Amino acid sequence: MFSLMRGATPVIVINKAQIAWDLLQKRSEIYSSRPRLIIAHELLSRGLRGLTMPYTKQWRTWRKIQNTGLNVRAALAYREHQTLEATNIHSRFATSVAFSIAYGQRTATLEDEKYRKNGEAPCFDCMFTWFRHTTFADMTPGALLQYPWLMYLPRFMQWFRFKWDEGYGKAEKLYMELLKDVEDRLKTGTAKECMATRSLRDQEALGISDVQLAFAMAAPFAAGIDTANAMRGVHEELDRVVGRNRLPTFDDQASLPYLDAFVKELNRWQTITPIGVPHALTADDVYQGHFVPKGTIIVPNIYTMMKDEEMFPDAMRFSPERFLKTDDPRMLDFTLSFGFGRRICPGMHVALQSLYIFFARFMWPFTVKPAQDETGATVLPDMNNQVASGLTRKPAPFKCVIQPRFPDVAGMIHKEAAEADETLKAWD
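340 is the number that this note's numbering gives to position 326 of the sequence shown; each next residue is one higher, with no gaps.
Structure, rendered in structure tokens:
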């Protein structure tokens, strides 16, 4: 843990998970707000994105909407849909599941108009890219936040806001179109039960406007490898539990502890969320004898937490066994990358289900091997070659070899995919 000053505001960067749990979780009543983010929150979203909202009544209403559709019990209802979508493993899997949960429709292909519009506004995956640049622009010395009086200039003189206003306009237009589409389907009786239908029925009780509801519905998107031996361990477990005559289902999950550990270790070893969204302290506090003043910004350095040798011995080694040979509750219920306390990701339960069914249905039929060059030498990807995408990161494109594990794989997958597509037509 270390501190620095951003102008007159202290910033504390947390590098150990235990400190983050002590402060952001156990003392979440005063560590759950957000710093003022003029660009990311006030300009780009007009204060409507829950991710950047301070800890207020408005945020609690937003969180209530998210919890209604994404809590543990609600997540169970999405398992059938996740299983069907996982049969077709390609890049729109996560988007289609999230879209179905929020709006009661799927994105069937990468050419789907809803998927295409994804890239036309600072929303969904694109929103994270905007958020990364705007959030850390807000936190850079000399940035707009250091001169908030600029916000009191006549609007036509606020040159800095023009591109952010354009981004907000695109996002609002898309979100309102998506919400209106659900309203129209409700009127004709063709709407699938989803977060939007429930929230539209409860809108008056929630006391929120159409545009507030539209932004709340978009949140699920704004949402969204030594590995050879480990992969062999997963294959052996899948063969033993599932066999080779059918694809894995959620009924198998409790009997696949090594697969669960494998996914957890992937998330730890190369976490996709290296830096958490900053928290802000709403009252003075004292931690381990150190005074922490109200207004302090807390930045969870999740990447460094995942490499903590005290919690993860031999941290640079890929070892799913670390999650099996432990009785540490922090390791058994490993949600470090989803955030902390009252600000923990509301879609965590759905995301964990998606991770399970995706990896189960990808690793059951396939084995992944390194590519080879023209001389036959193994070509390993550069693990340091990462592409930042907003709050998340991913590996740069690399070559590999994906091979069927047994002869009947193609036939079984095509058959199940055809059946899944037929069932999913009801969500088109």
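By construction, the Cβ of each residue, glycine as well, lies at the ideal position given by its N, Cα and C atoms.
Fair warning: this is a prediction, and the values are worked out from it, not measured in the lab.
Per DSSP, the bridge partner or partners of residue i
i	result
C359	Paired residue(s): none; C359 is not in a bridge.
I416	V382
I371	I371 is not bridged to any residue.
F305	V300
V248	Paired residue(s): none; V248 is not in a bridge.
A185	Per DSSP, none; premise fails for A185.
A294	S47 and I311
Nearest residue (CA-CA) to residue i, options the options
i	options	result
L280	P379, T349, Q267 and R258	T349
V25	Q32, R175 and R48	R48
F264	K413, E94, L57 and G61	E94
E180	D435, K308 and I53	I53
A440	Q119, G361 and A410	Q119
L227	E323, F16 and Y117	Y117
V196	F113, Q172 and F420	F113
R60	G183, Q32, T75 and P411	G183
D435	L98, R74 and M190	L98
W76	R87, G361, E430 and L438	G361
S333	P307, D342, I311 and Y272	Y272
R336	K278, Q32 and L438	K278
K408	M19, D396, K308 and M345	D396
H249	F412, R344, C414 and R419	R419
I358	G21, N398, P292 and A391	P292
L346	L338, M245 and Y189	L338
D198	K187, L270, A185 and L214	L214
Secondary structure of residue i, DSSP reduced to three states
i	result
I44	coil
D328	coil
Y69	coil
I33	helix
M19	strand
I286	coil
A391	coil
D262	Position check: residue 262 holds Pro in this sequence, whereas Asp was assumed. In this structure, P262 counts as coil in the three-state DSSP scheme.
N206	First, the amino acid is wrong: residue 206 is Lys here, not Asn. Coil at K206, not helix or strand.
V25	strand
A268	helix
A91	coil
N398	coil
V196	helix
G83	helix
R60	coil
R212	helix
V255	helix
L167	coil
Limits of the alpha helix (DSSP H) - the one that residue i falls within
i	result
V277	P271 to W283
P343	P343 to L346
T437	V423 to L438
L227	D224 to A232
A14	Here the chain has residues from 15 to 442 only, and residue 14 is not among them.
Near the ligand MG: residue i beta-carbon under 7 angstroms from a heavy atom
i	result
L366	The ligand MG is absent from the structure shown, which contains no ligand whatsoever.
Run of the beta strand (DSSP E) containing residue i, from where it starts to where it stops
i	result
V313	I311 to P314
Residue-chain proximity (residue i, chain C), Cβ-Cβ < 8 angstroms
i	result
R199	The displayed structure is made up of one protein chain only, and chain C is not part of it.
Under 8 angstroms, with one C-beta from each stretch per pair, do the segment 197-211 and the segment 34-51 reach the 3-pair mark? no
Practice problem: Pair every Cβ in the segment 254-266 with every Cβ in the segment 281-299, then say whether three or more of these pairs are closer than 8 angstroms. | Solution: no
Margin query: Check whether the segment 295-307 and the segment 325-333 are in contact - that is, three or more C-beta pairs closer than 8 angstroms.
Written below: no
task: Decide yes or no for the touch test of the segment 17-32 against the segment 314-322: beta carbon pairs closer than 8 angstroms, at least 3 of them.
output: Contact between the segment 17-32 and the segment 314-322 is present, because at least three Cβ pairs lie under 8 angstroms.
Practice prompt. State whether the segment 80-94 contacts the segment 170-178, with contact taken as three or more CB pairs (one from each stretch) at a distance under 8 angstroms.
Written response: no
Worksheet item: Would you call the segment 359-370 and the segment 402-422 in contact, with 3 or more CB pairs under 8 angstroms?
Response: no
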